[in-house]
Amino acid sequence: MKYWLFKSEPDAFSIDDLAAKPNQQEHWDGIRNYQARNFLRDEVKLGEQVFFYHSSCKQLGIAGIAEVVKESYPDHSQFDPESKYFDPKSSPDNPRWVMVDIQLKEKFSEILSLQKIKSLAGINDIGLVKKGHRLSIMPVSEVEWHILYDNSQH
DNA sequence: GCCAACGTTGGC
DNA sequence: GCCAACGTTGGC
11 MKYWLFKSEP DAFSIDDLAA KPNQQEHWDG IRNYQARNFL RDEVKLGEQV FFYHSSCKQL
71 GIAGIAEVVK ESYPDHSQFD PESKYFDPKS SPDNPRWVMV DIQLKEKFSE ILSLQKIKSL
131 AGINDIGLVK KGHRLSIMPV SEVEWHILYD NSQH
């Protein structure tokens, strides 16, 4: 059982948007980075827990928790010429990009801010606080998960 | 809006 | 297969 952190720009898709979906469930499309894709394709498994992180916004931080409810399958937006995620080099026979479905489990009453995360003892190995924090899907160790969860307002 | 840190692309 | 140019991410 692994733990994850998924980043999203709340202007595009926030935890409240997830909460408003039928069954509070949505596919996590638009991943166009190979390292992140490999995590999604090979390692993100049914039932695993995900921190929902808000990036590039006023309130940076972890907004809540979701759970993986469907393992990787082709991201349909790569075949749609109208989509900004369209990839002309991908084909349905040999899809390049995948996505998973997640369902909201818990929205924190307060966002666990990046500032706070950085201040926590034991959180210095996580991709978020390292240089080059650009990966939109990243693993979180079990120890880190518990530290972060224990320090959130939930 | 700036800029550092990367990832990707494409010419050679 | 190298590497410069370019695009994107994301905190500040």
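Note that the first sequence covers residues 11 to 164 in this note's numbering.
Note that beta-carbon positions come from the ideal geometry of N, C-alpha and C, so glycine has one too.
How about the stretch 105 to 119 and the stretch 31 to 50: do they share at least three Cβ pairs that are nearer than 8 Å? The stretch 105 to 119 vs the stretch 31 to 50: in contact.
When you compare each of Glu36, Pro84, Gln69 to Asp52 by their alpha carbons, which one comes out closest? Residue mapping note: residue 52 aligns to position 42 of the first sequence, counting from 1. Comparing Cα positions, the closest option is Pro84.
Which residues mark the beginning and the end of the alpha helix (DSSP H) in which Ser129 is found? As a working note, residue 129 is residue 119 in the first sequence. Unbroken alpha helix (DSSP H) run through Ser129: 124 to 129.
Closest to Asn48 by CA distance: which of Pro91, Ser151, Leu145 is it? Translated into the one-based positions of the first sequence, residue 48 becomes position 38. The shortest C-alpha separation from Asn48 is found at Leu145.
Assumed close pair Ile121, Gln69 - CB separation to whole angstroms, cut-off 8 Å: Working through the first sequence from its first residue, we reach residue 121 at position 111. Working through the first sequence from its first residue, we reach residue 69 at position 59. Contact flag correct, Cβ pair sits at about 5 Å.
Among Ser65, Asn33, Leu114, His86, whose alpha-carbon lies nearest the alpha-carbon of Pro102? Numbered from 1 along the first sequence, position 92 holds the residue referred to as residue 102. Per the Cα distances, His86.
Residue span of the alpha helix (DSSP H) that contains Phe49, given as start and end: Here the question's residue 49 lines up with position 39 in the first sequence. That run of the alpha helix (DSSP H) goes 44 to 52.
Between Glu154, Ile112, Leu114, which lies nearest to Ser129 when the distance is taken from Cα to Cα? Here the question's residue 129 lines up with position 119 in the first sequence. Selected option, being the one with the closest Cα: Glu154.
Using the C-alpha atoms, what's the distance from Gly71 back to Gly137? In the first sequence, counting from the first residue as 1, residue 137 sits at position 127. In the first sequence, counting from the first residue as 1, residue 71 sits at position 61. Their Cα atoms are separated by approximately 13 Å.
Given that a residue counts as buried once 16 or more other Cβ atoms are within 10 Å of its Cβ, and exposed if not, what is Pro163? If you number the first sequence from 1, residue 163 lands on position 153. Here residue 163 turns out to be Gln, not Pro, going by the sequence shown. It counts as exposed.
With a 10 Å radius around its C-beta and 16 neighbouring C-beta atoms as the bar for buried, classify Phe96 as buried or exposed. As a working note, residue 96 is residue 86 in the first sequence. When all chains shown are included, Phe96 counts as exposed.
Output the distance between the C-alpha atoms of Leu119 and Phe62, rounded to the nearest integer angstrom. On the first sequence, residue 119 is found 109 positions in, with the first residue counted as 1. On the first sequence, residue 62 is found 52 positions in, with the first residue counted as 1. What sits at residue 119 in the sequence shown is Ser, not Leu. Taking the straight line from one Cα to the other gives about 13 Å.
Own chain residues within Cβ distance below 8 Å of Lys115, not counting five before or after: By one-based count along the first sequence, residue 115 stands at place 105. Cβ within range, chain order: Gln59, Gly74, Ile75, Ala76, Glu77.
Alpha carbons only, please: which of Pro32, Glu36, Leu28 is nearest the one belonging to Glu81? To locate residue 81, count along the first sequence from 1; it is residue 71. Among Pro32, Glu36, Leu28, the Cα nearest to that of Glu81 belongs to Glu36.
C-beta contact flag for Pro20 and Cys67 at 8 Å: The residue you call residue 20 lines up with position 10 of the first sequence. The residue you call residue 67 lines up with position 57 of the first sequence. A distance below 8 Å separates the beta carbons of Pro20 and Cys67.
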